[in-house]
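Participant: If you read the sequences in order, they're chains A and B.
Take the position in the first sequence, starting the count at 1, then add 4; the result is the number in our numbering.
Take the position in the second sequence, starting the count at 1, then add 6; the result is the number in our numbering.
Cβ coordinates follow ideal geometry from the N, Cα and C atoms, glycine included.
Before I ask anything, here is the structure I am working with.
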Amino acid sequence: MSASRVFQFVLDRLIWFILLLVILFFTFRVGGFLSGPNLINILLHASVLGMLTIGQTICLLSGNFDLSAEGNLSLLTVLATWLMLPYREMTLAQAGGIGWEVHPFIVIPIMLVLGTFIGYINGFLITRLKMNNFIVTLAMQLVLRGIAFVISLGAIMPGTPRAFNWLGGGRIGPIPVSVIFTLLVFILFAYILRNTRFGRELYAVGGNREAARASGFNPERLITMAYTIGGFMAAIASWMLLGRLEVSVPNLGVGMTLETVAASVIGGVALAGGAGTIWGAFSGVLLLSIIDNGLNLMAVDPFWVNGIRGLIILIALLIEAQKVRFRPQVGRAAARTEAGVSYQAVQK
Amino acid sequence: MEAEAKKILLEMKAIHKAFPGVQALSDVDFTVWEGEIHGLVGKNGAGKSTLMAILMGLQGVDSGTITIDGTRFSEMTPSEALAAGVAYVPQRINMMSALTVAENILAGDLPVNRMGFVNWREVYREAEERLDKLGLKLDVRQKVEGLGVAEQAMLAIAKALFSNAKLIILDEPTAALPRPEIDRLFGFVRSLKDRGVAFIYISHHLEEVFEICDRVTVLRNGYLVETREVKELDTAGLIRLMVGEDVKEFERERAPLAQEEPVMVVKGLTRRGHYEGIDFTVCRGEVVALSGLEGSGASALGKGLYGLERRGQGQVLVNGEVLTARSPEEALKQGVAYLPQDRYLYGLVGARPVRENITYPILGRLVRALGLIQAERERAIVERYIRELGIITPSPEQAVNLLSGGNQQKVVFAKLAATQPAVLVLHEPTQGIDVHAKLDIYRIVSELSAQGVAILIVSSEVRELLGVCDRILVMYNGTITREFRVGEPEANPAEILLAIEGGNNHVRQ
């Protein structure tokens with residue numbers, strides 16, 4: 005392998021090397037960073053973020069944002085506790101439920117169906133009614149969280165049954181169920197995107213929607229499908245998170261939408277669609293989770309944490325944008341072709 | 007005598023320009039005088055666009071010089087071209103359409119009062135005054151999107167003049183314009199010419215060149231054939247210069263059709279504003295061309311057959327079955343495949359590998375349960391088409407946008423051929439690809455037709471069509487005006503181009 009090949013090899017896997025550096029940094033700076041309990045802590049955070057990020061990545065690959073997932077999360081967790089609580093009375097600090105003590109085996113399917121349906125509605129509004137994806141999903145986030153506030157009266161609802169908590173709180177030996185589950189779902193989606201017709205169409209539609217249409221695909225159907233999957237993943241994430249916390253609050257997950265976008269983009273998923281992989285997004289999830297955890301352990305002032313996070317996202321994007329420069333022939337050829345094409349387009 | 011009295015405004019001397027695989031311009035000497043309207047004609051690929059791109063500083067030259075109003079350039083940037091007074095007015099005007107005429111005129115230089123706020127009264131007065139000087143009557147408070155197409159073009163010209171343009175390139179300004187609008191536009195252009203402004207007028211509509219131009223330059227295959235006074239020429243003569251006496255580039259071996267088996271039958275197809283009463287048949291193994299100027303309806307018809315646009319009323323039969331497809335997805339199922347004119351926009355997903363691009367339309371046949379793609383079968387099909395069509399790529403996994411134009415076009419062909427269509431509609435299949443790739447493309451077309459595919463080519467590359475087609479249908483103004491059978495004496499380039507231009511319209515038998 006020549007030097008330039010090695011360089012290229014590193015460049016293509018840059019995010020994983022950065023991840024390694026960050027881990028080394030925290031290992032030397034923070035005692036106990038590599039301890040078992042702390043690693044599990046990191047993975048627990050990564051699992052809920054990971055579920056949401058898979059949904060986000062699928063939508064981004066189709067060339068669309070899904071900003072509604074955290075609203076979905078808020079509504080489904082609140083609704084589930086509301087249905088499962090055995091009492092209706094409200095106290096000063098906490099709200100009561102509907103008082104029916106609905107069994108988790110009924111509540112979980114309700115969550116999954118409702119979450120998926122919300123995703124489908126997003127897709128319907130965007131593809132059939134030709135509304136802008138950014139605004140539709142942003143508005144959806146507000147609507148869903150708004151409903152969550154109305155149901156919960158803005159208060160905490162504590163106590164979820166054991167049967168419900170298995171996914172989010174259960175353990176197999178020392179390993180949390182949610183961590184194993186998340187890993188399996190990542191493997192599943194990596195396989196789907198690579199080997200199925202759906203995956204193939206997703207990249208085609210995101211890469212060039214009109215060419216995909218002219219190739220006999222139905223971009224509208226596919227985008228609706230992407231949002232539906234996004235809704236389903238948000239429902240799974242809700243189930244997982246609520247099972248771990250055992251308490252619902254309507255402002256649960258505030259800010260997670262941006263984290264999912266950041267994780268996808270750090271992992272190389274193109275905002276314009278059609279490029280990026282599930283494993284890239286996975287690396288982004290790990291990076292964000294590790295940084296959060298490390299800064300926390302270093303007792304960095306929480307007011308600083310957000311700023312540092314933002315800085316890291318900027319640096320990741322900067323590196324991504326600069327990568328092109330290291331491949332001069334390809335980059336320039338592409339730029340020239342683009343200029344030629346746009347001039348030809350003007351000509352027509 | 008008169009010629010010597012005129013001042014040379016632009017002189018492009020010994021311009022050479024090559025692109026990979028094509029000599030786009032060879033030793034071109036192009037001169038424009040002050041106060042003249044200079045037509046620039048030639049077939050697609052003759053070098054007009056490249057010459058103008060060089061003049062606008064969008065392309066460098068391999069050798070040669072450009073002199074504008076006494077200033078000599080060997081290499082020019084777009085801003086230098088603008089500063090030298092060259093302006094380009096495209097067919098689709100690019101302006102801030104939601105803003106008023108006045109704002110567009112004074113954009114970047116709006117009069118303000120002492121507080122830094124825009125002085126609107128001054129804006130409108132100033133804009134009106136400037137337009138008045140040019141003798142252009144427009145409501146300056148009107149939004150640009152509310153103007154007619156010709157008015158927008160005039161506004162674009164006026165704007166260019168306000169920024170001191172001396173030489174204005176008009177690129178197909180009259181496509182899709184009704185006659186009275188054309189008259190207004192021409193009136194304005196002539197009045198400016200009298201004030202000394204020079205125009206380069208690019209058009210496929212030759213009658214307009216005769217109407218408005220003083221001189222005309224003909225380009226062919228990258229060579230400047232001649233620059234002549236328009237008075238000395240007639241349409242037929244001009245077409246002869248454009249067509250030249252090139253050798254035929256490709257000749258398909260035409261096996262006589264054993265019997266005529268109609269595959270695609272079009273009956274009375276009418277789409278208002280695009281085409282009317284279209285009847286034709288394409289038989290098994292036949293190659294038929296549909297030729298017409300932009301706006302003749304030929305390209306709308308091609309897209310309509312594939313469900314990319316509305317098809318309108320009337321009937322289309324494919325293998326005896328009524329074509330009901332309203333989307334490419336359905337058209338492919340009914341056996342119609344389509345090669346788009348713009349392969350970057352509609353043909354390929356550039357960032358994805360050759361392999362995926364080839365199998366997009368046939369994925370439905372390659373999947374087993376749960377939508378899993380059969381990788382082995384896919385690879386076999388892809389390798390077969392890469393071999394048969396001679397696609398040059400380092401591997402099937404190469405991203406398609408890293409291939410050359412000709413190879414990209416072959417990938418699109420592979421993709422279409424893989425669907426095993428009954429009818430293949432090709433829209434300008436050789437546009438923007440080099441000569442060798444062109445031959446390959448026509449070889450592929452011949453093979454597909456020998457396999458029994460009915461092929462319809464929407465194109466005006468008459469010389470190429472004569473080599474590959476059995477029949478050429480000419481469309482003009484939305485109807486089929488003439489039919490040529492290749493091999494008959496009238497089926498020669500000059501006669502066909504004349505028909506495409508709308509001259510000598512015979513009633514079709």
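Does any residue of chain B bring its CB to less than 8 Å from the CB of R204/A?
Facilitator: yes
Participant: Verify the CB distance criterion: does V373/B have a CB-CB separation below 8 Å to chain A?
Facilitator: yes
Participant: Which residue's Cα is closest to the Cα of K309/B: L338/B, V293/B, E327/B, E178/B?
Facilitator: Measuring from the Cα of K309/B, the nearest candidate turns out to be L338/B.
Participant: Any idea if F37/A is buried or exposed, counting beta-carbon neighbours within 10 angstroms, 16 or more meaning buried?
Facilitator: buried
Participant: Could you list the residues in the stretch 246-257 of chain A with a C-beta less than 7 Å from some C-beta on chain B, going in chain order?
Facilitator: none
Participant: Does DSSP put R234/B in a helix, in a strand, or in coil?
Facilitator: Note: R234/B maps to strand in three-state DSSP.
Participant: When the cut-off is 8 Å and only beta carbons count, does I99/B lie next to chain A?
Facilitator: no
Participant: At 3 residues or longer, what runs of the beta strand (DSSP E) sit wholly inside the stretch 423-479 of chain B?
Facilitator: 429-433, 460-464
Participant: In terms of residue numbering, what span does the beta strand (DSSP E) encompassing W39/B cover?
Facilitator: Note, W39/B: beta strand (DSSP E), 28-39.
Participant: With DSSP collapsed to three states, give me the class of K309/B.
Facilitator: helix
Participant: Pick from A242/B, I206/B, Q340/B, G341/B: whose alpha carbon is nearest that of G509/B?
Facilitator: A242/B
Participant: Compare the C-beta of G173/A against all C-beta atoms of chain B and say whether one is closer than 8 Å.
Facilitator: no
Participant: Along chain B, in chain order, which residues have C-beta atoms closer than 8 Å to that of N222/A?
Facilitator: S333, E335
Participant: Could you give the first and the last residue of the continuous beta strand (DSSP E) run that contains K273/B?
Facilitator: 268-277
Participant: Could one say the Cβ of R201/A lies closer than 8 Å to chain B's Cβ atoms, at least one of them?
Facilitator: yes
Participant: With DSSP collapsed to three states, give me the class of E49/B.
Facilitator: The amino acid at residue 49/B is misidentified as Glu; the sequence shows Lys. It is coil, neither helix nor strand.
Participant: Output yes if chain A places a C-beta closer than 8 Å to the C-beta of K421/B; else output no.
Facilitator: yes
Participant: Would C475/B and I486/B qualify as a contact pair, given that the criterion is a beta-carbon distance under 8 Å?
Facilitator: no
Participant: Under the assumption that L31/B contacts H22/B (Cβ atoms under 8 Å), give the Cβ distance between them as a whole number of angstroms.
Facilitator: 6 Å
Participant: With DSSP as the reference, please indicate the residues paired to A602/B in a beta bridge.
Facilitator: As shown, chain B starts at 7 and ends at 515. That puts residue 602/B outside it, with no answer to give.
Participant: How long is the line joining the alpha carbons of L56/A and I478/B, rounded to whole angstroms?
Facilitator: 57 Å
Participant: Tell me which residue opens and which closes the alpha helix (DSSP H) that E128/B is part of.
Facilitator: 126-139
Participant: To the nearest angstrom, how far is the alpha carbon of S455/B from that of A159/B?
Facilitator: 44 Å
Participant: Rounded to a whole number of angstroms, what is the C-alpha to C-alpha distance between E336/B and P367/B?
Facilitator: 11 Å
Participant: Looking at chain B, is there any beta carbon in it that lies within less than 8 Å of the beta carbon of I233/A?
Facilitator: no
Participant: Give me the residue from I188/B, T425/B, Y448/B, A428/B with the minimum Cα distance to E434/B.
Facilitator: Y448/B
Participant: Assuming M270/B contacts V288/B under a Cβ cut-off of 8 Å, what Cβ separation, rounded to an integer in Å, is found between them?
Facilitator: 4 Å
Participant: Would you list the one or two residues that DSSP bridges to Y207/B?
Facilitator: G45/B, L176/B
Participant: For a contact defined as C-beta to C-beta under 7 Å, what are the partners of E214/A on chain B?
Facilitator: L351, Y352
Participant: How would you write the range of the beta strand (DSSP E) that L16/B sits in, first residue to last?
Facilitator: 14-25
Participant: Would you check if the distance between the CB atom of Y1/A and the CB atom of Y231/A is smaller than 8 Å?
Facilitator: Because chain A spans 5 through 352 in this model, residue 1/A falls outside it and cannot be assessed.
Participant: So with Cβ pairs under 8 Å, would you call E379/B a contact of chain A?
Facilitator: One detail in the question is off: residue 379/B reads as Ile in this sequence, not Glu. Under the 8 Å criterion on CB atoms, I379/B is classed as interfacial with respect to chain A.
Participant: Per the contact definition of three or more C-beta pairs closer than 8 Å, is the stretch 182-199 of chain A in contact with the stretch 103-117 of chain A?
Facilitator: No contact exists between the stretch 103-117 of chain A and the stretch 182-199 of chain A.
Participant: Return no unless some Cβ of chain B is closer than 8 Å to the Cβ of R2/A.
Facilitator: Residue coverage of chain A in this structure runs from 5 to 352, which leaves residue 2/A outside it and unanswerable.
Participant: Between the stretch 393-405 of chain B and the stretch 303-320 of chain B, do at least 3 Cβ pairs fall closer than 8 Å?
Facilitator: The stretch 393-405 of chain B, when compared against the stretch 303-320 of chain B, does not touch it at the 8 Å Cβ threshold.
Participant: Applying the 10 Å Cβ sphere with the 16-neighbour rule, what's the burial state of S8/A?
Facilitator: exposed
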